[in-house]
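Under this note's numbering, the sequence shown has 99 at position 99, and the numbering climbs by one with no breaks. Where a beta carbon is used, it is the ideal one built from N, C-alpha and C, also for glycine. None of the values given here were measured: they were computed from a predicted structure.
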Amino acid sequence: MSSDKPQKPATRIVTGGRSKKLTGPVVNAPVWRASTHLYDDVAALEAGKKSNEDGRFFYGRRGSPTQWSLSEALTDMEPGAHGTMLYPSGVAAISCALLSVLQPGDVLLMTDNAYDPSRAFADGFLKRYGVETRYFDPMTSDITSHFCERTKAILLETPGSLTFEVQDVPAICAEARKRGVVTLLDNTWATPFFYTALEKGVDLTILAATKYIVGHSDVMIGSVTTTGKYWTRLRQTAQQLGQVVSPDDAYLASRGLRTLAVRMKAHEASALKIAHWLDGRPEIEAVLHPALPGCPGHAIWKRDFTGSAGLFSIVLKGSKNRAAAFVDALTLFGIGYSWGGFESLALPVHPESCRSAVPWAKNRSLVRLQIGLEDVDDLIADIEHALEVSRATI
Ligand SMILES: *Cc1c(COP(=O)(O)O)cnc(C)c1O
1 MSSDKPQKPA TRIVTGGRSK KLTGPVVNAP VWRASTHLYD DVAALEAGKK SNEDGRFFYG
61 RRGSPTQWSL SEALTDMEPG AHGTMLYPSG VAAISCALLS VLQPGDVLLM TDNAYDPSRA
121 FADGFLKRYG VETRYFDPMT SDITSHFCER TKAILLETPG SLTFEVQDVP AICAEARKRG
181 VVTLLDNTWA TPFFYTALEK GVDLTILAAT KYIVGHSDVM IGSVTTTGKY WTRLRQTAQQ
241 LGQVVSPDDA YLASRGLRTL AVRMKAHEAS ALKIAHWLDG RPEIEAVLHP ALPGCPGHAI
301 WKRDFTGSAG LFSIVLKGSK NRAAAFVDAL TLFGIGYSWG GFESLALPVH PESCRSAVPW
361 AKNRSLVRLQ IGLEDVDDLI ADIEHALEVS RATI
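Below, the structure written as structure tokens:
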């Protein structure tokens, strides 16, 4: 690069992973569909085996320029990163990241608002493997009170993807580092565009790239980005577990990534407009959006994030049945899991079933909204209509 000045995030999103070596003479790294790499002669084969490094085509399971381009682009978005491994889903990324740092006998601390399948992996697989998981209040002001001799790692998620508590990640990571405890963060909500995790002290940062990176609701993919310190372990664990992403999926994820900056700004603007509009409505008990003062950890969001995503929750007044009536009455919002695509979604959610450290009050009518790229005034009109219809179910 010609300038010493660090590039801004939107520039890195466009340029990352697009060296000539990866793209050839075209703009996007082509799809290399391959298992076998053919060598010119046996000497070249033997030389390839010996070097056996990343960044040179060796065998399909190690990826090809299509996957390396995406991986390099994600690394470029995280100042302080050494490399990125790709996985066939966000859950595979979380599991492999944890397995790369934990061994039997260790204790894992997990934030109580973690993505439910992360808890399932800890309470199922990790338990059988001999790792004990302890859950803690996401708003804890003293992480050290949860430490014991065997504490090895902490899994964070900020904000939580159902209830949106924002954690003091820098404070937690500083204490963890003092005691040699590894920190991992699920950064799916903000993406590195709004939150550069390694700069906050996180050791391994995880994305369900399925969501905003892909951005079009048509690919499952995950990633883990880390520093030089944990890179070898992360890479070896993924390779030993046979983790590989198809070149077609990597291509689609790269294609989605190039527009991440404009999409995130559009999701942000519309979600904020809708959240503020909802905040004053008589039907609404609470709006759980990190950029609104009513959200736990709002001040931390303001300090640490450069923006807010399009996903937030609302608590409707009235009985629990109101959530279903409200969601059913929406016409522009699909009903379904996942989020981060261009289209709006709504989902009644029940955090009480996936909490153990801080119980979530039952019988609250909680709805999670993913605000897509439709015209925001059309979305508001749809929500207003659905609120009126749902009044009958109070
Ligand atoms: C969706 C999601 C995941 C898992 O990603 P998949 O690609 O669906 O496996 C992990 N964390 C969060 C916060 C998510 O929303």
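In the displayed model, ALA209 falls within coil according to three-state DSSP, outside both helix and strand. Under DSSP, the beta-bridge partners assigned to GLN370 are LEU311, LEU345. Annotated as proximal: GLY90 and GLY222, with beta-carbon spacing under 7 Å. Annotated as distal: PHE164 and LEU330, with beta-carbon spacing of 7 Å or more.
Assignment of MET77 by DSSP, reduced to helix, strand and coil, places it in the coil class. Annotated as proximal: ILE213 and ALA253, with beta-carbon spacing under 7 Å. With respect to VAL182, VAL101 sits close: the two C-beta atoms are nearer than 7 Å. Annotated three-state conformation of ARG364 is coil, per DSSP. Under the three-state reduction of DSSP, PHE193 is assigned to helix.
The beta carbon of THR11 lies closer than 6 Å to none in the same chain, with the five residues before and after it left out. Residue nearest to LYS8 within the set LEU234, LEU86, PRO79 is PRO79 (criterion: CA-CA distance). Secondary structure at LYS8: coil, using DSSP grouped into helix, strand and coil. Within the same chain, Cβ atoms closer than 8 Å to the Cβ of THR36 are found at TYR59, GLY60, the five residues on either side in sequence being excluded. Looking at the backbone, the Cα of CYS173 and that of VAL202 are separated by about 6 Å.
DSSP places ARG134 in the strand class (E or B) of the three-state scheme. The straight-line gap separating the alpha-carbon atoms of PHE147 and GLY228 is approximately 25 Å. Contact check for SER365 and ALA392: beta-carbon distance about 14 Å, past the 8 Å limit, so the pair fails to qualify.
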